[in-house]
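Residue numbers (the numbering used here): 21 to 161.
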Amino acid sequence: MPVCWSTKKATLSATAPILTAFTSYGSFWLTLVAILLMPKLGLTDAPNAQFLGVYLGLWGIFTLFMFFGTLKGARVLQFVFFSLTVLFALLAIGNIAGNAAIIHFAGWIGLICGASAIYLAMGEVLNEQFGRTVLPIGESH
C-alpha cells in the first residue's frame, strides 16, 4: 500500500485503481489459502474441483474487467492483466473439466504472467528514477 501514496502526483483518481487491484488480489490470495488450508486443519471438508473451477472463473471475470481498465495504460500492464485473465480461465476450465493438462499449461501461463509483472515493476521504477526509458513498457496513451 505505501506504493500508492509515495508519488508526488498521487490523487484519489490515480490511486483508486491501484488500491482496487492490491486489495482485491490480496483478498484472492487470503481466501484461496483459506479454501486450501482449512481442510488440512480439519476445519471443513476439502472443496471439489467444480467449486474451485467456479471460484477461479469468477476471479477470471473480475480480472477481465480489470484488463479493460488497463486499455489506456502501458502495453506491458495490458499484457499482465490479459495473461492473468487467460490464466484464471484455463485454471477454471481445467478444474471443472478435471483436465490436468490444461491446469499444467495454465501454470506456464502463470509463469509468463508473473515474469511480465516483475518486468513491469522494474520498468516503472527504473524509468521514473532515471527520468528516461531504461526498460520499455509501451508507454500509456
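Glycine included, each C-beta is placed from N, C-alpha and C at the ideal position.
Three or more C-beta pairs below 8 Å linking the region 58-65 and the region 89-101: Judged by Cβ distances under 8 Å, the region 58-65 makes no contact with the region 89-101, as fewer than three pairs qualify.
For F42, which of T83, F150, A126 has the nearest alpha-carbon? Position 22 of the sequence shown, counting from 1, holds the residue named residue 42. Closest by alpha carbon: T83.
Assign N115 to buried or exposed, taking buried as 16 or more other Cβ atoms, counted over all protein chains shown, within 10 Å of its Cβ. Here residue 115 refers to the residue found at position 95 of the sequence shown. Burial call: buried.
Can you find the residues in the same chain that come closer than 7 Å, C-beta to C-beta, to C133, ignoring five residues on each side of it along the sequence? Taking the first residue of the sequence shown as position 1, residue 133 is located at position 113. Result list for C133: V100, S103, L104, L107, in chain order.
Closest to H124 by CA distance: which of A135, S136, L110 is it? Locating residue 124 in the sequence shown gives position 104, counting from the first residue. Among A135, S136, L110, the Cα nearest to that of H124 belongs to L110.
For T64, three-class secondary structure by DSSP: Your numbering for residue 64 matches position 44 in the sequence shown. In the structure shown, the three-state DSSP call for T64 is coil.
Alpha-carbon spacing of S160 relative to N147, whole angstroms: The sequence position of residue 160 within the sequence shown is 140, counting from 1. The sequence position of residue 147 within the sequence shown is 127, counting from 1. It is roughly 13 Å from the alpha-carbon of S160 to the alpha-carbon of N147.
Backbone secondary structure at V106 - three-state DSSP: In the sequence shown, counting from the first residue as 1, residue 106 sits at position 86. In the structure shown, V106 sits in a helix (DSSP, three-state: H, G or I).
Please check the pair A112 and L56, which I expect to be a contact at CB under 8 Å, by giving their CB distance rounded to whole angstroms. Within the sequence shown, numbered from 1, the residue matching residue 112 stands at position 92. Within the sequence shown, numbered from 1, the residue matching residue 56 stands at position 36. With a Cβ gap of about 16 Å, A112 and L56 do not count as contacting.
Hey, how far is the Cα of M21 from the Cα of I122? Reading the sequence shown from its first residue, position 1 is the one you call residue 21. Reading the sequence shown from its first residue, position 102 is the one you call residue 122. Confidence at M21 is low in this model, with a pLDDT of 44, below 50, so the placement of that residue should be treated as unreliable; the coordinate-derived value is given next. For M21 and I122, the distance between alpha carbons rounds to 34 Å.
Using alpha carbons as the reference points, say which of I38, G151, V145, P156 lies closest to T90. As a position in the sequence shown, residue 90 is number 70, starting the count at 1. Distance from the Cα of T90 is smallest, within the candidate group I38, G151, V145, P156, for I38.
Taking DSSP as the reference, what is the three-state secondary structure of E148? Within the sequence shown, residue 148 is the residue found at index 128, counting from 1. In this structure, E148 counts as helix in the three-state DSSP scheme.
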